[in-house]
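Heads up: the structure comes next, in structure tokens.
There are 2 protein chains.
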Amino acid sequence: NATAKAELGRATWKLLHTMTLRYPETPTQDERNALASYFRLSARLYPCGECAAEFQMLLKKFPPQVGIYFSTAPPIFTCTQTSSRKSAAGWLCFLHNQVNERLHKPEFDCANLDATYDCGC
Amino acid sequence: NATAKAELGRATWKLLHTMTLRYPETPTQDERNALASYFRLSARLYPCGECAAEFQMLLKKFPPQVGIYFSTAPPIFTCTQTSSRKSAAGWLCFLHNQVNERLHKPEFDCANLDATYDCGC
Ligand SMILES: Cc1cc2nc3c(=O)[nH]c(=O)nc-3n(C[C@H](O)[C@H](O)[C@H](O)COP(=O)(O)OP(=O)(O)OC[C@H]3O[C@@H](n4cnc5c(N)ncnc54)[C@H](O)[C@@H]3O)c2cc1C
Ligand SMILES: Cc1cc2nc3c(=O)[nH]c(=O)nc-3n(C[C@H](O)[C@H](O)[C@H](O)COP(=O)(O)OP(=O)(O)OC[C@H]3O[C@@H](n4cnc5c(N)ncnc54)[C@H](O)[C@@H]3O)c2cc1C
Numbered sequence: 081n082a083t084a085k086a087e088l089g090r091a092t093w094k095l096l097h098t099m100t101l102r103y104p105e106t107p108t109q110d111e112r113n114a115l116a117s118y119f120r121l122s123a124r125l126y127p128c129g130e131c132a133a134e135f136q137m138l139l140k141k142f143p144p145q146v147g148i149y150f151s152t153a154p155p156i157f158t159c160t161q162t163s164s165r166k167s168a169a170g171w172l173c174f175l176h177n178q179v180n181e182r183l184h185k186p187e188f189d190c191a192n193l194d195a196t197y198d199c200g201c
Numbered sequence: 081n082a083t084a085k086a087e088l089g090r091a092t093w094k095l096l097h098t099m100t101l102r103y104p105e106t107p108t109q110d111e112r113n114a115l116a117s118y119f120r121l122s123a124r125l126y127p128c129g130e131c132a133a134e135f136q137m138l139l140k141k142f143p144p145q146v147g148i149y150f151s152t153a154p155p156i157f158t159c160t161q162t163s164s165r166k167s168a169a170g171w172l173c174f175l176h177n178q179v180n181e182r183l184h185k186p187e188f189d190c191a192n193l194d195a196t197y198d199c200g201c
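Chains as they are written, first to last, in the working numbering: chain P, 81 to 201; chain Z, 81 to 201.
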């Protein structure tokens, strides 16, 4: 059932993007570990097997802690994904675009993040 | 913005219920720890402050590992919330009903869980 899978995906992306956009501007080490663990556990427990495998592979390639996630050579940006709200949100936007590409969906302009996600709180 | 908060809530409940309904029938200890950690981190990172506080309070009262979560006296059911798909899904349904009650929403009949949540995978 592709509709149910798509609805689950939309719900999940909504939660994840809103979460990174409410993540602290200057998180503590403990908050950084919490976000990284949350993403790893999400990828493990995600209730669509094919998607979970893809999610885990992406986290391996672009880990939530430290890693190069965006590169036009030169320069190469080495980013610490959970080091701030901006980094976390930008990293997740990039990750979602990787999934979009694989599913032949248009790339999302990460400059529009703030305008798209409002948690109402 | 109450609409955005409600939309975020609906998206989150959808993910969480679908997750417990795809959780293993007979999980390993490692899988049980993963689910318990996932819920604790979700409650901590949930991007609506008031809801996150409520979520954390509920997890304290009805922890994901072991605890009494449903009681008509007698009998009192002592359940190990992450010990099986059925326990995990039933526990989360109960938790959601606690939130429903506080928000003056109707109680959901947990017998309808399987019919309501389909991840399409
Ligand atoms: C971790 C994960 C892995 C997945 N893997 C698969 C898979 O392997 N196979 C499969 O069929 N489906 C997969 N899905 C589901 C898939 O990504 C979509 O959610 C689903 O196909 C519905 O797509 P959609 O076009 O409605 O938009 P979605 O991709 O769900 O996006 C929802 C909305 O978010 C916004 N958006 C789009 N791109 C971005 C971005 N980069 N950053 C921020 N916001 C953005 C847009 O407004 C869009 O309408 C996965 C979902 C998740 C969460
Ligand atoms: C952890 C958490 C805490 C929240 N705390 C608050 C808060 O403090 N204040 C606030 O205003 N909002 C809070 N929310 C949002 C709130 O719970 C609702 O999501 C929101 O008000 C939208 O409600 P709804 O009527 O569309 O249905 P929702 O409660 O979002 O439920 C969505 C659908 O799930 C099904 N459902 C209902 N009950 C159950 C159940 N027990 N088990 C399984 N399925 C069920 C129904 O089909 C329902 O339509 C919280 C959300 C979460 C995830």
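Even for Gly, the Cβ is constructed at its ideal location relative to N, Cα and C.
Item: Could you check if P:TYR103 belongs to the surroundings of ligand 1, using beta carbon to heavy atom distance under 7 Å?; Value: no
Item: Could you tell me which of Z:TRP93, Z:ARG124, Z:ALA123, Z:ALA114 sits nearest to P:ARG120, measuring between CA atoms?; Value: Z:ALA114
Item: By the criterion of Cβ-Cβ separation under 9 Å, what are the contact partners of Z:ASN81 in chain P?; Value: ASP198, CYS199, GLY200, CYS201
Item: Give me the Cα-Cα distance between P:ILE148 and P:ARG90, rounded to the nearest whole angstrom.; Value: Here P:ILE148 scores only 41 on pLDDT, less than 50, and its place in the model should not be relied on; the value that follows carries that caveat. Distance between the alpha carbons of P:ILE148 and P:ARG90 is about 26 Å.
Item: Counting contacts by CB-CB distance shorter than 8 Å, is P:THR98 in contact with chain Z?; Value: yes
Item: Please classify Z:ARG182: is it buried, with 16 or more other beta-carbons within 10 angstroms of its beta-carbon, or exposed?; Value: exposed
Item: Could you give the DSSP three-state label for P:LYS185: helix, strand or coil?; Value: coil
Item: In this structure, how does DSSP classify P:CYS199 when only helix, strand and coil are distinguished?; Value: coil
Item: Which residues in chain Z have a C-beta closer than 9 Å to the C-beta of P:GLY170? List them in chain order.; Value: None at all; the shortest Cβ gap to chain Z is about 17 Å.
Item: Measuring alpha carbon to alpha carbon, tell me which of Z:GLN136, Z:MET99, Z:GLU134 ends up nearest P:GLY129.; Value: Z:MET99
Item: Does the beta-carbon distance from P:HIS97 to P:LEU175 come in below 8 Å?; Value: no
Item: Is the Cβ-Cβ distance between Z:LEU101 and Z:ALA169 less than 8 Å?; Value: yes
Item: In chain order, what residues of the same chain have a beta carbon less than 8 Å from the beta carbon of Z:PRO154, not counting five sequence neighbours either side?; Value: The predicted position of Z:PRO154 is uncertain, since its pLDDT is 41 and thus under 50; no value can be drawn from it.
Item: Suppose you measure from the CA of P:TYR126 to the CA of P:TRP93; what does that come to, to the nearest Å?; Value: 12 Å
Item: Let me confirm a value: P:ALA116 is counted as buried when at least 16 other C-beta atoms fall within 10 Å, else exposed. Which label applies?; Value: buried
Item: Which whole-angstrom value describes the C-beta separation of P:THR106 and P:SER164, a residue pair presumed to lie in contact below a C-beta threshold of 8 Å?; Value: 6 Å
Item: Determine the DSSP secondary structure at Z:THR106, reduced to helix, strand or coil.; Value: coil
Item: Could you tell me the boundaries of the alpha helix (DSSP H) in which P:PHE135 lies?; Value: 129-141
Item: For Z:GLY200 and P:LYS185, which I take to be in contact (beta-carbon distance under 8 Å), what is that distance rounded to the nearest angstrom?; Value: So it is not a contact: roughly 17 Å between Cβ atoms.
Item: Please list the residues of the segment 108-120 of chain P that have a C-beta atom closer than 7 Å to any C-beta atom in chain Z, keeping them in chain order.; Value: ALA114, LEU115, SER117, TYR118
Item: Ligand 1 heavy atoms versus the CB of P:GLY200: any closer than 7 Å?; Value: no
Item: When we look at the beta-carbon of Z:ALA82 and count the other beta-carbons within 10 Å, is it buried (16 or more) or exposed?; Value: exposed
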